[in-house]
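Worksheet: the structure to be examined is printed underneath.
In the working numbering, the protein residues as written are 80 to 309.
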């Protein structure tokens, strides 16, 4: 003799697959489309609709979108929604997906999501020899860098009196050369560079100098540096 009244009803299709991975979050969680990760320990997170029906959940990470070369193939009973994995090296392209086996039908897969892994800092150096422009009283300082995966994005450049304390000259510059006006004429100055790649890895600052104004090549007005273009 009792009745039950409902003010809302939610319908869930039994065949609903897991949704695509959510947008990327900070701290190397939920690697999203095309994102560079700078920590080889990557935390994966995903969502599963109707988890009560899931029998086995599998996380796969591969180097190709077809998952022909799988690096991670981790399975669990039930429906976990996160896992951390430490990769042994950097990769220019990785793809991850979640597979679920459920009691009502065939295996269901989330959409593959691409991310990239670069935990190796770039390398750079100030080139030698330096050039001195007597008429301007300035030195022409150039630098370059190299990064195997993400590529060098920008530089910090420091200077110091020979054997002294480093001072930041240029910050986050995308230039590859600049004219340096010595604070004290006749003083010998040293230079070092620090590269930052497109993934955000920062080259450790060097303790020693890359180049010095001692022995710089003087360029009188009759001589000009070559003009190189790409």
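Note that CB positions come from ideal geometry on N, CA and C, so glycine has one too.
All values reported here derive from a predicted model rather than from experimental measurement.
Inset, instruction - Buried or exposed for residue 275, please, with buried defined as at least 16 other CB atoms from any protein chain shown within 10 angstroms of its CB. - result: Start at 1 with the first residue of the chain shown, and residue 275 comes out as number 196. It is buried - the Cβ of residue 275 has at least 16 other Cβ atoms within 10 Å.
Inset, instruction - Could you say if the stretch 152–163 and the stretch 190–201 meet the contact criterion of at least three C-beta pairs nearer than 8 angstroms? - result: No, the stretch 152–163 does not touch the stretch 190–201.
Inset, instruction - Answer yes if the stretch 229–247 comes into contact with the stretch 259–277, meaning at least three C-beta pairs across the two stretches below 8 angstroms, and no otherwise. - result: Yes: the two stretches touch, three or more of their Cβ pairs being nearer than 8 angstroms.
Inset, instruction - Counting only runs of 3+ residues fully inside the stretch 187–257, write out the beta strand (DSSP E) ranges in chain order. - result: With a minimum length of 3 residues, the continuous beta strand (DSSP E) runs that stay inside the stretch 187–257 are 192–196, 202–205, 210–212, 217–225, 231–240, 246–252.
Legend entry - Inter-residue Cα distance where the pair is residue 105 and residue 278: Here residue 105 refers to the residue found at position 26 when the chain shown is read from its first residue. Here residue 278 refers to the residue found at position 199 when the chain shown is read from its first residue. Note that residue 105 scores 39 on pLDDT, short of 50, meaning its location in the model is unreliable and no value can be drawn from it.
Inset, instruction - Would you list the one or two residues that DSSP bridges to residue 136? - result: Locating residue 136 in the chain shown gives position 57, counting from the first residue. DSSP, once it has assigned bridges, lists 155, 179 as partnering residue 136.
Legend entry - CB contact flag (residue 192, residue 119, <7 angstroms): Here residue 192 corresponds to residue number 113 of the chain shown, with the count starting at 1. Here residue 119 corresponds to residue number 40 of the chain shown, with the count starting at 1. No, the Cβ-Cβ distance between residue 192 and residue 119 is not below 7 angstroms.
Inset, instruction - Using DSSP bridges, identify the partner residues of residue 114. - result: Residue 114 sits at position 35 when you count from the first residue of the chain shown. Answer is 194, bridged to residue 114.
Inset, instruction - Pick helix, strand or coil for residue 130, following the three-state DSSP scheme. - result: Position 51 of the chain shown, counted from the start, is the residue given in the question as residue 130. The three-state secondary structure of residue 130, taken from DSSP, is helix.
Legend entry - When 299, 178, 282 are compared against residue 231, the one with the closest alpha-carbon: Taking the chain shown and counting its residues from 1, the one referred to as residue 231 is at position 152. Put simply, of 299, 178, 282 the residue whose alpha carbon is nearest the alpha carbon of residue 231 is 282.
Inset, instruction - Run the proximity test for residue 143: is its beta-carbon closer than 6 angstroms to any non-hydrogen atom belonging to the ligand COA? - result: Absence of the ligand COA is noted for the structure shown, with no ligands found whatsoever.
Legend entry - residue 273 (DSSP reduced to helix, strand or coil): If you number the chain shown from 1, residue 273 lands on position 194. Strand, per DSSP.
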